[in-house]
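J.: Chains as they are written, first to last, in numbering that gives the first Met the number 0: chain A, 0 to 220; chain B, 0 to 461.
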Amino acid sequence: MRILLVEDDSLVSDAISRGLVGSGYVVDAVGDAESVASRLTDTHYDLAIVDLGLPGEDGLSLVRRLRRSGSSLPLLIVTARDGLDDRITALDLGADDYLVKPFALPELAARCRALIRRATAAAANEIVVGGLRIDLAGRRALNEKGDVLELTRREWSILECLAHHSGRVVSKERLTQAITGWSEDISGNAIEVHVSRLRSKLGSSATVRGIRGLGYRLEDA
Amino acid sequence: MALRKRPTSVHKRLLSYLLAPLFVLLVAGVAVDHHVIVSPIHSAFDHSLSRSALAIVARIHARPDGQLDVGLPSHPPPPLRAMPDEQFFYRVSLPDGTTIAGSPELPIAPDSQSPDGFSYTNITFRDQPFRLASYRTSETGDPLVVTVAETPARRDRAVHRLDVAFLINDTVQMAAVLIIALVGIRIALRPLQRLSRQIAGRPAVALNQLPTEDAPAEVLPLVESLNSLLGRVRDSVLSQQHFLANAAHQLRTPLTGLKAQLEVLTRETAGTPLQERITLLQGGVDRLAHTANQLLTLARAEPSAHRASHFTAVDLPHLIGEVIDSSLDRAIAHGIDLGADSEPVQVTGVYWLLHEVLNNLIDNAIRHTPAGGNITIRCGMENHRPFLEVDDSGVGIPPEEREKVRERFYRSARSTANGSDGCGLGLAIVDEVARVHGASLSILEGSSGRGARMRIDFPLVR
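Shown next as structure tokens:
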């Protein structure tokens, strides 16, 4: 896995490179946005980490330029600016994730992993959570042993909805909406019943955590 | 609360400046009217008194023996008849003082040499004031003096009545003038009221200019200097925000480098004695990073840093969902059950500030709640006021410390004992942000009887 790091501060750049190399990635570091284009034509990268505050052309402009040129390279923004406006602008322009400085290296590594996995899974049209593989095209879920789980239509809809937002809390209302295509009248209790059956079918591959007053979250077991 | 001096109102001042002169004018007016009317009334009554004297003269006949006979009946004709509360006296005498008829003790008015033969005076007769008229005539042959006297009750009453009439009339006029003036003042002050409404109706953080088109000339300088002040404040806010953005960048980037370098170093020195010192360094850098972050947040939470455009409708249940989403892993790692109990409610606020506040409150709660405890975030409406609260089952805050924890850099004994790495700015940020939103932060006992409940009550929804 090859990562392009666009960061002008040598202290940060050096540490991130070392950290990611330690996690098993190949890292190429550049100090400005101008040298990105030539790198991208020569080499295939699985992810780019872009600092917003670059000398010359700034990170936002680089993101915009990359997306306009049709690149689907996963982009992780790191920045010292924590204003919500910047964050929204970056995501709107086509960045895939956003990390505010100062961050911990393990968190950066985790985000990189998630982004690369998401990009790979999107290509295969599947979502991977822990040991669970959700094949969206085939409408089936496989556990860590590769066995296809026997799910009812409602359980599948709930799992699909949770998987689309994996790692994030999905409200009961949203889950209800996801399955009311088959039934008009679904109570909150019915959702709980479906979720608890789904949970037991997932076994140790992944788990559905209930969050009091909010909803459910699909996470690694 | 200390007694405040009531602000002076232009309205009241104008009124008090008008009221005193108007009162003086009223008194003077009535006095002038009185003087103008007294002399005609007196001459009218004197004239009527003189008619009485003439009526008596008409009844004087010279008897054949040359003696004069005054034929006054026991019931005198109208000009001589006294009203029930009046008294009337007459005396017919010769120039030498011999009384022919009437009351001989009645004095005679000194001769005023007037062509009609009448002279008038005021006397006191039988302990009562009288108006006296003496008529010197020779109509019957020999010179005679006919003196008549009446009590002045009727003329006094006439003057008094007219005085009262003038007083009423003048008072009504003055009252009318006063009412017209009041209405006029009110109308004239309308632009001022409009201006004060415009200023009062603005959000506390609005720094845009006030309109000058319809400001009256007297208020225009005030509006203009207010506008220039607002302009300067806005400039300084913008430059402050710019400065903070730069400061954030300049602080965070090297901190990120330090943190990351130390992490790499930890990995590379695993198993060596250096490890322990690197861990210490890491703790220091983490604390520094946290404090820098909190300081920047606090500076950016200052009320002056927010323009009205930053305020939007914020859906509290959505906000709770977002913040819990990002804090859930930490809560789970600490073995804490983090949940929500939210009802649909919206407030007007700065989204990222409220996000920061809730994040700080949850962060505090996680730090002060032992494993196995629970934290519940609530929002809803109480007495038409939206509220947001974080309720934990942790160690709580003793009542005597509840005020102090809001202070910047205050660190309680329990937070140091817990080894938590707070910098003592969390609640100061919450307090500041609450203030920016016109809300209030209350520090209460947890609803389970243990722990703390941090509650933000937003302003009344209109």
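Beta carbons are placed, not taken as given, at the ideal position from N, Cα and C, and that holds for glycine.
Starting from Y119 (chain B), trace the beta strand (DSSP E) in both directions and tell me its first and last residue.
T.: F117 to F124
J.: Taking E406 (chain B) as the reference, give the member of B:G423, B:S392 and B:E399 with the closest Cα.
T.: B:G423
J.: Going by beta-carbon coordinates alone, are P369 (chain B) and S341 (chain B) separated by less than 7 Å?
T.: no
J.: Based on the DSSP secondary-structure assignment, which residues constitute the bridge partners of R135 (chain B)?
T.: Within the DSSP secondary-structure output, R135 (chain B) pairs in a beta bridge with B:V144.
J.: Does A364 (chain B) come within less than 7 Å of chain A when only Cβ atoms are used?
T.: Chain A contact via Cβ: absent.
J.: Would G450 (chain B) be called buried (16 or more neighbouring beta carbons within 10 Å of its own) or exposed?
T.: Around the Cβ of G450 (chain B), a 10 Å sphere holds 16 or more other Cβ atoms; the residue is buried.
J.: Report yes if the CB atom of I376 (chain B) is closer than 7 Å to the CB atom of I442 (chain B), and no otherwise.
T.: Judged by beta-carbon spacing, I442 (chain B) lies beyond the 7 Å limit of I376 (chain B), meaning their Cβ atoms are not closer than that value.
J.: Mind pulling the chain B residues with CB within less than 8 Å of K100 (chain A)?
T.: Neighbours of K100 (chain A) on chain B, chain order: R251, T252, L254 and T255.
J.: At a Cβ threshold of 7 Å, is I15 (chain A) touching chain B?
T.: yes
J.: List the residues of chain B whose Cβ lies closer than 9 Å to the Cβ of G129 (chain A), in chain order.
T.: Ordered by position in chain B, no residue passes the 9 Å Cβ test against G129 (chain A), which lies about 14 Å from the chain.
J.: Is F165 (chain B) helix, strand or coil by DSSP?
T.: helix
J.: Is A288 (chain B) close to chain A? Criterion is C-beta to C-beta, closer than 7 Å.
T.: yes
J.: For A438 (chain B) and L353 (chain B), what's the separation of their Cα atoms in angstroms?
T.: 11 Å
J.: Specify the secondary structure class of G212 (chain A) as computed by DSSP and reduced to three states.
T.: coil
J.: For I323 (chain B), return the contacting residues in chain A, with the cut-off set at a CB-CB distance below 8 Å.
T.: V168, I210 and L213
J.: Are there 16 or more other CB atoms within 10 angstroms of the CB of K144 (chain A), so buried, or fewer, so exposed?
T.: exposed
J.: Mind listing the chain A neighbours of V263 (chain B)? Cutoff is C-beta to C-beta under 8 Å, in chain order.
T.: A14, R17, G18, G21 and L104
J.: Check whether the Cβ atoms of S133 (chain B) and S118 (chain B) sit closer than 7 Å, and answer yes or no.
T.: Their beta carbons are under 7 Å apart, which means S133 (chain B) touches S118 (chain B) by this criterion.
J.: For the segment 357-431 of chain B, which segments carrying the beta strand (DSSP E) assignment without a break, of at least 3 residues, lie completely within its bounds, in sequence order?
T.: 373-381 and 384-391
J.: Find the residues of chain A that neighbour K258 (chain B), judging by a C-beta separation of less than 7 Å, and give them in chain order.
T.: P101 and A103
J.: Taking DSSP's pairing of strands, which residues face L217 (chain A) in a bridge?
T.: Residue pairing of L217 (chain A) in beta bridges, as defined by DSSP: A:V207.
J.: Whose C-beta lies closer than 7 Å to the C-beta of Y44 (chain A) among residues of the same chain, with five residues either side of it excluded?
T.: R1, I2, L3 and L72
J.: Among B:D285, B:T265 and B:R286, whose alpha-carbon lies nearest the alpha-carbon of I277 (chain B)?
T.: The option with the nearest alpha carbon to I277 (chain B) is B:T265.
J.: Report yes if the C-beta distance between L74 (chain A) and D95 (chain A) is below 7 Å; otherwise report no.
T.: yes
J.: Please list, in chain order, all residues of the same chain as G23 (chain A) whose beta carbon is under 8 Å from its beta carbon, the five residues on each side excluded.
T.: Only M0 meet the Cβ criterion.
J.: Kindly give me the distance between the Cβ atoms of A462 (chain B) and L243 (chain B), rounded to whole angstroms, as I take these residues to be in contact under 8 Å.
T.: Chain B is shown from 0 up to 461; residue 462 (chain B) falls before or after that span and cannot be answered.
J.: Leaving out the 5 sequence neighbours to the left and right, which residues in its chain are closer than 8 Å to Q127 (chain B) when beta-carbon positions are compared?
T.: Q86 and T150
J.: Anything in chain B within Cβ reach of D8 (chain A), meaning under 7 Å, just list it in chain order.
T.: Neighbours of D8 (chain A) on chain B, chain order: T252 and G256.
J.: In this structure, does DSSP put E342 (chain B) in helix, strand or coil?
T.: coil
J.: Just checking: is the beta-carbon of M0 (chain B) within a distance shorter than 7 Å of some beta-carbon in chain A?
T.: Caution is warranted here: a pLDDT of 44 is assigned to M0 (chain B), below 50, making its placement in the model unreliable, and no coordinate value can be reported.
J.: May I ask you to verify whether the segment 53-65 of chain B touches the segment 156-173 of chain B, counting CB pairs closer than 8 Å and requiring at least 3?
T.: no
J.: Can you tell me which of the three DSSP states G93 (chain A) falls into?
T.: coil
J.: Check for me: the beta strand (DSSP E) holding E444 (chain B) runs from which residue to which?
T.: S439 to E444
J.: Hey, how far is the Cα of L459 (chain B) from the Cα of Q208 (chain B)?
T.: 27 Å
J.: Which whole-angstrom value describes the C-beta separation of V404 (chain B) and L426 (chain B), a residue pair presumed to lie in contact below a C-beta threshold of 8 Å?
T.: 5 Å
J.: Cβ of D314 (chain B) less than 7 Å from any chain A Cβ?
T.: No, D314 (chain B) lies away from the interface with chain A (no Cβ there is under 7 Å from its Cβ).
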